[in-house]
Amino acid sequence: MTRPPFATRFEELLGTARVASILASLRDSPVMLLAGGPGTGKSALAARLAELLGRPASGTGAIVRAAAAASGRTLAEYNRRLELHPEEDAALDARAAAAIARGDVTVFESRLAGHLGAWLRAHGRRGLTSIVLRCDPHEQARRLLAREASPRVREELEPLLKTARGVESLDDVLVTLRASRAPLVAEAVVVLEAQASRIKAERARMLARYGVVLDDPSVYDAVLDTSRLGIAECASRALRIAELAPEASPDRPRLKA
Numbered sequence: 002m003t004r005p006p007f008a009t010r011f012e013e014l015l016g017t018a019r020v021a022s023i024l025a026s027l028r029d030s031p032v033m034l035l036a037g038g039p040g041t042g043k044s045a046l047a048a049r050l051a052e053l054l055g056r057p058a059s060g061t062g063a064i065v066r067a068a069a070a071a072s073g074r075t076l077a078e079y080n081r082r083l084e085l086h087p088e089e090d091a092a093l094d095a096r097a098a099a100a101i102a103r104g105d106v107t108v109f110e111s112r113l114a115g116h117l118g119a120w121l122r123a124h125g126r127r128g129l130t131s132i133v134l135r136c137d138p139h140e141q142a143r144r145l146l147a148r149e150a151s152p153r154v155r156e157e158l159e160p161l162l163k164t165a166r167g168v169e170s171l172d173d174v175l176v177t178l179r180a181s182r183a184p185l186v187a188e189a190v191v192v193l194e195a196q197a198s199r200i201k202a203e204r205a206r207m208l209a210r211y212g213v214v215l216d217d218p219s220v221y222d223a224v225l226d227t228s229r230l231g232i233a234e235c236a237s238r239a240l241r242i243a244e245l246a247p248e249a250s251p252d253r254p255r256l257k258a
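Residue numbers (the numbering used here): 2 to 258.
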């Protein structure tokens, strides 16, 4: 049977000893793995699920921020370093794989969530559920503008965003914005261009490094469209997918499989 490109490349970058260390720590406690682009709701959903289940959430982003701080670099500086040193980037992904393998957290968000989950499952890890989040580009743009610019920018440009047609990505939203002379458009374009560039760079890096397409639904257990869902409904659907429920106890909620 042909191994997935990710498994082969990941193990090559990590080396035999580190792979063996991760696989020696396998546990079967439930872990939900979340992936998705900026504005799809990963962080908010992870935090809500952790609250409901009474155990911590983490993710690759937290690991990278901690590593950047330890190195004395800004996050931007550290990310530029990772682009030039794939072995260091892979080492951070190894930390993510180890946390998932051990079940240190109940929810883990990662750009490689589905691929890490599939790799661990192939080595016998049970209890994992991987979900990739999707979002309509109009709604994604609205969320990003509210978060990265301001709610006022989003509100001012709401009518314009609604008029966009044939939109399949943030790039398509940008086409509509660039053609407008509406107030605050320039600020919105700067924000969305930065996010679109980030998405493209991440996709290119993961394809070159691991031979994978980010958010490829074939490696996930489910796809959850968050476009028109509140955080409570997103959490409810994710729990049903994972067949998990919060169970009350005198101390705190705990997982019930």
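Backbone N, C-alpha and C define an ideal beta-carbon position, used for all residues, glycine too.
Keep in mind the model is a prediction, meaning the values are calculated, not measured.
Open item on the list: Rounded to the nearest angstrom, what separates ALA95 and GLY118 at their Cα positions?
Closed with: Position 94 of the sequence shown holds residue 95. Position 117 of the sequence shown holds residue 118. Going from the Cα of ALA95 to the Cα of GLY118 covers about 12 Å.
Open item on the list: Below 8 Å on the Cβ atoms is my contact criterion, and I expect LEU178 with VAL186 to pass it. Report the Cβ-Cβ distance as a whole number of Å.
Closed with: Taking the sequence shown and counting its residues from 1, the one referred to as residue 178 is at position 177. Taking the sequence shown and counting its residues from 1, the one referred to as residue 186 is at position 185. LEU178 to VAL186, Cβ: 5 Å. Contact.
- [ ] Determine, using beta carbons only, whether ALA58 and VAL108 come nearer to each other than 8 Å.
- [x] As a first step, residue 58 is located in the sequence shown; it is residue number 57 there, counting from the start. As a first step, residue 108 is located in the sequence shown; it is residue number 107 there, counting from the start. Yes, the pair counts as a contact, with Cβ atoms nearer than the cut-off.
- [ ] Specify, as a first and last residue, the run of the alpha helix (DSSP H) that SER198 falls within.
- [x] Start at 1 with the first residue of the sequence shown, and residue 198 comes out as number 197. Taken as a continuous stretch (DSSP letters only), the alpha helix (DSSP H) holding SER198 covers 186-211.
- [ ] Work out the CA separation of LEU54 and ARG253 for me, nearest whole Å.
- [x] Locating residue 253 in the sequence shown gives position 252, where the first residue counts as 1. Locating residue 54 in the sequence shown gives position 53, where the first residue counts as 1. Low confidence applies to ARG253: its pLDDT is 37, below 50, so where it sits in the model is not reliable enough to give any reading.
Open item on the list: Using C-beta distances below 8 Å, list every residue in its chain close to GLU157, excluding the 5 sequence neighbours before and after it, in chain order.
Closed with: As a first step, residue 157 is located in the sequence shown; it is residue number 156 there, counting from the start. Around GLU157: ALA183, PRO184, LEU185.
- [ ] Spatial neighbours of ARG127 within its chain, please: CB distance less than 8 Å, with the 5 preceding and 5 following residues excluded, ordered by chain position.
- [x] Along the sequence shown, one-based indexing puts residue 127 at 126. So the qualifying residues of the chain are ASP29.
Task: Outcome for HIS86 when other beta-carbon atoms lying within 10 angstroms are tallied against a minimum of 16 - done: The residue labelled residue 86 in the question sits at position 85 within the sequence shown. Result: exposed.
Task: Residue environment, GLU13, which counts as buried when at least 16 other CB atoms sit within 10 Å - done: Stepping through the sequence shown from its first residue, residue 13 is reached at position 12. The residue is exposed, with fewer than 16 neighbouring Cβ atoms inside 10 Å.
Open item on the list: Let's test the definition: count the other Cβ atoms within 10 Å of the Cβ of LEU146 and tell me whether it reaches 16, buried, or not, exposed.
Closed with: In the sequence shown, the residue the question calls residue 146 occupies position 145. Buried, by the Cβ-count rule.
- [ ] Could you pull the start and end residues of the beta strand (DSSP E) that SER59 belongs to?
- [x] Taking the sequence shown and counting its residues from 1, the one referred to as residue 59 is at position 58. Residues 58-60.
TODO: With ASP90 as the anchor, note down where its alpha helix (DSSP H) starts and where it stops.
DONE: Taking the sequence shown and counting its residues from 1, one reaches residue 90 at position 89. Element bounds for ASP90: 87-103.
Task: Straight-line Cα distance separating ALA180 from LEU34 - done: Taking the first residue of the sequence shown as position 1, residue 34 is located at position 33. Taking the first residue of the sequence shown as position 1, residue 180 is located at position 179. So the two alpha carbons sit approximately 39 Å from each other.
TODO: Following the continuous beta strand (DSSP E) through ARG135, name the residue where it begins and the one where it ends.
DONE: Within the sequence shown, numbered from 1, the residue matching residue 135 stands at position 134. Residues 129-135.
TODO: Look at the alpha carbon of ARG74 and the alpha carbon of ALA91, and state the distance between them as a whole number of angstroms.
DONE: Taking the sequence shown and counting its residues from 1, the one referred to as residue 74 is at position 73. Taking the sequence shown and counting its residues from 1, the one referred to as residue 91 is at position 90. When rounded, the distance between both Cα atoms is 18 Å.
Task: First and last residue of the uninterrupted alpha helix (DSSP H) at ALA239 - done: Sequence index remark: in the sequence shown, residue 239 carries index 238 (1-based). The continuous alpha helix (DSSP H) containing ALA239 extends over residues 232-243.
Task: Helix, strand or coil at ALA36 [DSSP, three-state] - done: As a first step, residue 36 is located in the sequence shown; it is residue number 35 there, counting from the start. DSSP places ALA36 in strand when its eight states are reduced to three.
Task: Per DSSP, cross-strand counterpart(s) of GLU110 - done: Here residue 110 refers to the residue found at position 109 when the sequence shown is read from its first residue. GLU110 pairs with LEU35, GLY60.
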